[in-house]
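S.K.: In order, the protein sequences belong to chains A and B. Residue 140 in my numbering sits at position 140 of the first sequence, and the numbers go up by one each step. Residue 761 in my numbering sits at position 347 of the second sequence, and the numbers go up by one each step.
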Amino acid sequence: MIRLLDRWSLDPQLVLGILALSLFGIAIIYSAGQVYVPNPVTEGAWIRQARWFVLAMIAFSLVSRIPLRWIEWAAVPSYVLSLILLAATLVVGEGRGTAAGVKSWLALGPFSFQPAEVAKLATILALAQLLASRESGLNSLRELIAPGLVVAVPLMLGMRQPDLGTAMAFVGIGFAMLYWAATPVWLLLLVASPVVGLFLAYDTRIWSVYILVVIGCLILLRFRLSLFESVAVVLVNFATATISGPLWNSLAEYQQNRILVYLDPEVDPRGAGYQVIQSRVAIGSGGFDGQGFTAGPQKRLDFLPEQHTDFIFAVVGEELGFIGAFLVVLAFTFVLTRLVRLASHLSEDQAFAGLVLLGIFGAWLVHIFVNVGMTIGLVPITGIPLPFVSYGGTFLLMSWVAVAIAVRVAHERP
Amino acid sequence: MNVHHPHALRRRALGAYVATAALMGILLVGFFRIQVLLGEENRLRASSNRVRTLMVPAPRGTIYDRNGLILADNVPGYQVTILPASVDSARATLERMAGFMDLSNVRIERVLQTLRAYGREVVVDSDAEFESIAALEERRLDFPGIYVEMRPRRRYTLDESAGHVTGYVGEITLGELDSESFPDSLYEAGMIVGKIGIERQYESVLQGRPGIRHVEFDARGRIVGDFRGAEARAPVPGRDLHLNLDLELQRWIHRIFPDTLSGAVVALDPADGGVLALYSAPGYDANLFVGGIDDDIWQALNVDERKPLYDRAVLGLYAPASTWKLAAAGIALDLGVVTPDEVMPEPCTGSMFFGNRFWRCWDPAGHGYNNLAEAIGNSCDVYFYQLGLRIGLENLLTRATDIGFSRQCGVDLPQESRGEFPDRLGWYRERWPELYRYGPTEGEALNLAIGQGPNSQTPLKMAQFYVALARDGSAPAPTIARGGETGEGWELQLQPDHIASLQEGLKMVTAPGGTAHFGTALEHWDVIGKTGTGQNPLSVRGLAEDHAWFAGMAGPPGEAPEIVVVALVEYGRSGGQVAAPIVAKTADFYLRRKYDIPVDTIQTFREHIMTGPIPRWYRERFPAGYRALVQEAQEARDAAPNQVGNRPGGGG
């Protein structure tokens, strides 16, 4: 296998790391199905995941043969196509399994898949193409408008499904790629400031202090930003603060609950706080060395929510303990840094490849941090899977396609 | 410089590394805190999460009758319990369950209310049908937080004949939990406790102590197995209870009591005051209440005009009428204002003038001159009017109160009505300030002496009084359970010869020519007693018949009575014809079994002659009555030689 990968001048460390995570994922999905009262859905999930894994491997070897220029050529059409598909899900989408409330599935004959997963990759490619064509960094808000729109359109479509997790992944993609395209960090922070302000607006005094800080920064940066832009930042900040109340009220009750419960899970221990509390208790009871593979009582007794999909890491924590969690986080860290390392060793004319790598990096970083973080209550609960480990066919397949594209673009000289 | 120059890339890569390390570091710190620092705490939380301490109900003690027959025992039953959950999800689950089992909206609301109040598991149905259980188990996944357990279910062997005595059990209510009679140390929600009757009275004996079981549950409330980490405690079964009650006698009374009439029958053992039978008609089946009564049955029982839930034997208050004349007589003898052989100066001519009006005797033909026994035998009102005057109103009130006619019997039941009787002269004015502005007149003594006036007693109370007459004037409190906890008895200060003359009077009632002869004459036993015709609010207006009383006692010929029976039949009209046969048949059934004589449904003389010829035993035991019958038949034949002689009816 390694030789096979070598022959295609691919990156063995990255691929092996991800291969290991994928196999580990199947094992943990198997364990997640081992409960006292068998449930046909979770019991056979690992077999289905293994089947998808085989499919993903085939897709990987096929996609990794695709020449770079084909990929570059396909970037914009695939982006447009994925936007159309995303829009289509809003009309004819279906909910599935544990995410029945989110209309993110599209049926294609006997197949069904999540266009959002395709859209992430297409957006990465399209944005990479846009940014790679630039000679200089992006130093003003005006320059950020075009790349911002490329990300914002699929993001807003994802939000409408409503799938907050996908939307967050797009944010990760956008920021990581803009950063890699040499956008100054302070500019990115200014862009993010209205969103931060949105959350701080629950307390007028805190928000007042915050807006003063933002204005102060704008004054410090007055030579780098046009007056118009500065005023725009302040106005948008005011605007988001104003709509924060109505926006909160427009959220579905379960979405409000998730945020309230994030602040204090015990406000509703049997309702919205249930998942966090049960997940945290299960992970905590794993202790240092865990309850043993397949032996976690909380999982076996069905206390864990969504144990084979979004909360798969709770099974890891309960059964493999801190050691297991540590090693898995380490493996992900390795994969993430490997992507950055690949990107940083490219030559100047490989800007497209670097941006694609960082896009993938951004998406995965958000997925990993939010998914793992929510199992211990660090992050509000969002329906977002853990790459390679969570049960889910489209996601596994697209993640492997992303790996294929990553290694392909990284190792092919244009 | 190109933004994608390797140097620039390396610098930005460093930023990305830092960001990655920071976020992954945060995760690791979080895991370290929860798994290593708080690991032990979370481990505890995890086990409390899935292990629940369940109450294992103790089997309730069995209730036996005096012959060791079972009145109440336990059979296996199914209990459905819901684990605490949010009210909305519990409501959804319960509403789904209602499709498979009998679960009313009222019951659902009650379960939810308890769930909210206590936040622990709540019994949904303590006696579910097997079919419902099977349906629930089949759809296990649809009913999160529901579990089914086997638990003992109360069963009563007597249906409608003994519901009032045994009472029934039910789930303890929030109100009962708060009350002092169910101490917190022994009782908790979900337990089955005695509600009324013997079940309630001897709750502490029958209950036992529930055990504890630690069970591992999965998140959907399915029992996975016993948890071995904590010690279980076996339940301590309740103690058995032996009653003085005679189950078969109780059943017999139910059988012979007229189906369409209401009333009560009380049978006491004069030897110790033991309650042999305590029957109220119509009755109810205590089994209906086990596991919660259906709302429509409950509704039907409550709106039933005959009030089946009302225990007439211990709660019903009725004017004792002529049965109370024995009390007046006893008091008079005790006071020495009359001697047994003394004849009242004024003969009965059907009425007597006193005050400013005529006081009527029940028999307009009059009874002439009577001594005490004759007056009892004839139930002569005029005699007792004079007796009442001799006793005097004040004396009558004090003595009757001393005997206990304004008290309870102290029977071992949770509820009993107090006899209603004026305990002093002032009572009248307190009760009816307008009517008795100047206090009661002596005329009240006339009313009271014949058992009318403001005098209402329960059938049980009258039975206790007749126990005193059957003994030496003392009567222990009626006791249902052997060695039961009862109130004090009473003492009627009567000399043996006074008792004898009172009994002599009772004998005349059932002797040939007496008002209750035909319905009480038995082959093997002597029955003596007193009829009564109690006025009631409907009968005084001519809208219904009077209540019929008969208070009697029976035993082997020539020996002391061995059973005292009082029968009250609401709107029964005639004590002699309706109530007396019930008493005789009750006594006969009891005594025949006691003396190993085969039981027959044809018992009284009247039943014999209605179904066949005059039996030989009648001729031997009641020669005078036989002669009278023969003579009557002869006369009838003479008058109409070709006709079959009229069958004699009962006395008046």
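Where is the CB? At the ideal position from N, CA and C, for every residue including glycine. Just so we're clear, the structure is a prediction, and the values are computed from it rather than from any experiment.
1. So R567(B) and N488(B) are in contact, right, with Cβ under 8 Å, and what is the actual spacing, rounded?
2. Determine which residues share a DSSP beta bridge with Q493(B) and list them.
3. For my contact list, R565(B) and Q621(B) are in at a C-beta cut-off of 8 Å; report their separation, rounded to the angstrom.
4. Quick check on the burial criterion: 16 or more other C-beta atoms within 10 angstroms. Buried or exposed for P998(B)?
5. Which bits of chain B does F179(A) rub up against, with CB to CB less than 8 Å?
6. At the level of alpha carbons, what is the spacing between R134(A) and T183(A)?
7. Assuming G737(B) contacts W904(B) (C-beta within less than 8 Å), just tell me the rounded distance between them.
8. If you run the structure through DSSP and keep just helix, strand and coil, what is V417(B)?
9. Assign G697(B) to buried or exposed, taking buried as 16 or more other Cβ atoms, counted over all protein chains shown, within 10 Å of its Cβ.
10. Just to confirm my understanding: we take D1002(B), look at its own chain, exclude 5 residues before and 5 after, and list those with CB closer than 7 Å. What are they?
11. Using a Cβ distance threshold of 8 Å, determine whether the segment 247-261 of chain A contacts the segment 206-214 of chain A, with at least three qualifying pairs required.
12. Quick one, are the C-beta atoms of W207(A) and A241(A) less than 8 Å apart?
13. In angstroms with no decimal places, state the Cα-to-Cα distance between G1059(B) and M1024(B).
14. Under 8 Å by Cβ, that's how I've got N784(B) and Y797(B) pegged, so tell me the actual separation to the nearest angstrom.
15. For the beta strand (DSSP E) holding D940(B), just list the boundary residues, first then last.
16. Given that a residue counts as buried once 16 or more other Cβ atoms are within 10 Å of its Cβ, and exposed if not, what is Q1048(B)?
17. Suppose the cutoff is 6 Å on Cβ atoms and the five residues either side in sequence are ignored; what does the same chain contact list for P1029(B) look like?
18. Buried or exposed for T893(B), please, with buried defined as at least 16 other CB atoms from any protein chain shown within 10 angstroms of its CB.
19. I'd like to know whether the C-beta atoms of E318(A) and Q275(A) end up nearer to each other than 8 Å.
20. Could you compute how far the alpha carbon of I711(B) sits from the alpha carbon of R521(B)?
21. Distance check for H668(B) and A787(B), CA to CA, integer angstroms please.
22. In whole angstroms, what is the alpha-carbon distance linking N792(B) and T945(B)?
23. Can you check whether the CB of D479(B) is closer than 8 Å to the CB of S682(B)?
24. If we count Cβ pairs, one from each stretch, closer than 8 Å, do we get three or more for the segment 988-996 of chain B versus the segment 958-974 of chain B?
25. Would you list, in chain order, the members of the segment 289-304 of chain A that have their beta-carbon closer than 7 Å to a beta-carbon of chain B?
26. Leaving out five residues before and five after P828(B) in sequence, what residues of the same chain have Cβ atoms less than 7 Å from its Cβ?
27. Checking contacts by CB at 8 Å: is T434(B) closer than that to chain A?
28. Going by beta carbon distance, what residues of the same chain come within less than 8 Å of R7(A), once the five residues before and after it are set aside?
29. Would you verify that the beta carbon of R280(A) is, or is not, closer than 8 Å to some beta carbon of chain B?
30. Throw me the rounded Cβ distance for the A691(B) and F671(B) pair, which I believe falls under 8 Å.
31. With a cut-off of 8 Å on the beta carbons, I'd call L178(A) and L138(A) a contact; round off their distance for me.
32. Using the beta-carbon of each residue, which ones in chain A are nearer than 7 Å to R466(B)?
33. Would you identify the three-state DSSP class for A435(B), choosing helix, strand or coil?
34. I need the DSSP call for F557(B), collapsed to helix, strand or coil.
35. On a Cα-Cα basis, can you pick out the residue from L190(A), P154(A), V356(A), P194(A) that is closest to L342(A)?
36. What did DSSP end up calling I977(B) once you bin it into helix, strand or coil?
M.R.: The structure says:
1. Here residue 567(B) is taken as the residue at index 153 of the second sequence, counted from 1. Here residue 488(B) is taken as the residue at index 74 of the second sequence, counted from 1. That belief holds up - the Cβ atoms of R567(B) and N488(B) are roughly 6 Å apart, short of 8 Å.
2. The sequence position of residue 493(B) within the second sequence is 79, counting from 1. Residue pairing by DSSP places Q493(B) opposite E563(B) in a beta bridge.
3. As a first step, residue 565(B) is located in the second sequence; it is residue number 151 there, counting from the start. As a first step, residue 621(B) is located in the second sequence; it is residue number 207 there, counting from the start. Here R565(B) is actually not in contact with Q621(B); their C-beta atoms are around 14 Å apart, not less than 8 Å.
4. In the second sequence, the residue the question calls residue 998(B) occupies position 584. According to the sequence displayed, residue 998(B) carries Ala and not Pro. Burial is judged here by how many other beta carbons sit within 10 angstroms of a residue's own beta carbon; A998(B) has at least 16 and is buried.
5. Here residue 179(A) refers to the residue found at position 179 when the first sequence is read from its first residue. Inspection of the sequence shows that residue 179(A) is occupied by Tyr rather than by Phe. Neighbours of Y179(A) on chain B, chain order: R426, G429, A430.
6. Along the first sequence, one-based indexing puts residue 134(A) at 134. Along the first sequence, one-based indexing puts residue 183(A) at 183. Straight across, the Cα-Cα distance linking R134(A) with T183(A) is about 12 Å.
7. As a working mapping, residue 737(B) is identified with position 323 in the second sequence. As a working mapping, residue 904(B) is identified with position 490 in the second sequence. According to the sequence as given, residue 737(B) is Thr; it is not Gly. Taking 8 Å as the upper bound for CB-CB distance, T737(B) and W904(B) are not in contact here, some 16 Å apart.
8. Position 3 of the second sequence, counting from 1, holds the residue named residue 417(B). Three-state result, V417(B): coil.
9. As a first step, residue 697(B) must be located in the second sequence, where it is residue number 283. With 16 or more neighbouring CB atoms inside 10 Å of its own CB, G697(B) falls in the buried class.
10. Residue 1002(B) sits at position 588 when you count from the first residue of the second sequence. Contacts found: L936, W939, Q1017.
11. No: fewer than three Cβ pairs fall under 8 Å.
12. Locating residue 207(A) in the first sequence gives position 207, where the first residue counts as 1. Locating residue 241(A) in the first sequence gives position 241, where the first residue counts as 1. Yes. Within cutoff.
13. Numbered from its first residue, the second sequence carries residue 1059(B) at position 645. Numbered from its first residue, the second sequence carries residue 1024(B) at position 610. Low confidence applies here, because G1059(B) scores a pLDDT of 47, under 50, leaving its location unreliable and the question unanswered by this model.
14. Taking the second sequence and counting its residues from 1, the one referred to as residue 784(B) is at position 370. Taking the second sequence and counting its residues from 1, the one referred to as residue 797(B) is at position 383. Contact annotation, N784(B) with Y797(B): C-beta distance approximately 5 Å; criterion of less than 8 Å satisfied.
15. Reading the second sequence from its first residue, position 526 is the one you call residue 940(B). Per DSSP, D940(B) belongs to the beta strand (DSSP E) from 940-948.
16. Position 634 of the second sequence, counted from the start, is the residue given in the question as residue 1048(B). Q1048(B) is exposed by the Cβ-count criterion.
17. Position 615 of the second sequence holds residue 1029(B). If you ignore the 5 residues before and after P1029(B), its C-beta comes within less than 6 Å of the C-beta of H1022, all in its own chain and listed in chain order.
18. Within the second sequence, the letter at position 479 stands for residue 893(B). Burial call: buried.
19. Along the first sequence, read from residue 1 onward, the residue named residue 318(A) stands at position 318. Along the first sequence, read from residue 1 onward, the residue named residue 275(A) stands at position 275. Their beta carbons are not under 8 Å apart, which means E318(A) does not touch Q275(A) by this criterion.
20. Numbered from its first residue, the second sequence carries residue 711(B) at position 297. Numbered from its first residue, the second sequence carries residue 521(B) at position 107. Roughly 15 Å between the two C-alpha positions.
21. Taking the second sequence and counting its residues from 1, one reaches residue 787(B) at position 373. Taking the second sequence and counting its residues from 1, one reaches residue 668(B) at position 254. The straight-line gap from Cα to Cα measures roughly 33 Å.
22. On the second sequence, residue 792(B) is found 378 positions in, with the first residue counted as 1. On the second sequence, residue 945(B) is found 531 positions in, with the first residue counted as 1. One C-alpha to the other measures close to 10 Å.
23. Counted from its first residue, the second sequence places residue 682(B) at position 268. Counted from its first residue, the second sequence places residue 479(B) at position 65. Residue identity differs from the one stated: residue 682(B) is Leu in this sequence, not Ser. Not a contact, by the Cβ cut-off of 8 Å.
24. Yes, the segment 988-996 of chain B is in contact with the segment 958-974 of chain B.
25. The residues in question are P297, Q298, L301, D302, F303.
26. What you label residue 828(B) is simply residue 414 of the second sequence in a count that begins at 1. These residues qualify, in order along the chain: I610, R614, Q615.
27. To locate residue 434(B), count along the second sequence from 1; it is residue 20. Closer than 8 Å to some Cβ of chain A, the Cβ of T434(B) qualifies, so yes.
28. Within the first sequence, residue 7(A) is the residue found at index 7, counting from 1. Residue placement at R7(A) cannot be trusted, given a pLDDT of 45 that sits under 50; the coordinates are not used to answer.
29. As a working mapping, residue 280(A) is identified with position 280 in the first sequence. R280(A) counts as touching chain B.
30. For the purposes of this step, residue 691(B) is identified with residue 277 of the second sequence, where counting begins at 1. For the purposes of this step, residue 671(B) is identified with residue 257 of the second sequence, where counting begins at 1. Rounded, the Cβ-Cβ distance is 11 Å, inconsistent with contact.
31. As a first step, residue 178(A) must be located in the first sequence, where it is residue number 178. As a first step, residue 138(A) must be located in the first sequence, where it is residue number 138. Correct: roughly 7 Å between the Cβ atoms.
32. Along the second sequence, read from residue 1 onward, the residue named residue 466(B) stands at position 52. Those within 7 Å of R466(B) in chain A number zero; the least Cβ separation is about 12 Å.
33. For this step, residue 435(B) is matched to residue 21 along the second sequence. When secondary structure is reduced to three states using DSSP, A435(B) falls in the helix class.
34. On the second sequence, position 143 is the one that residue 557(B) refers to. If DSSP states are grouped into helix, strand and coil, F557(B) belongs with coil.
35. Taking the first sequence and counting its residues from 1, the one referred to as residue 342(A) is at position 342. Closest by alpha carbon: V356(A).
36. Sequence index remark: in the second sequence, residue 977(B) carries index 563 (1-based). Strand at I977(B).
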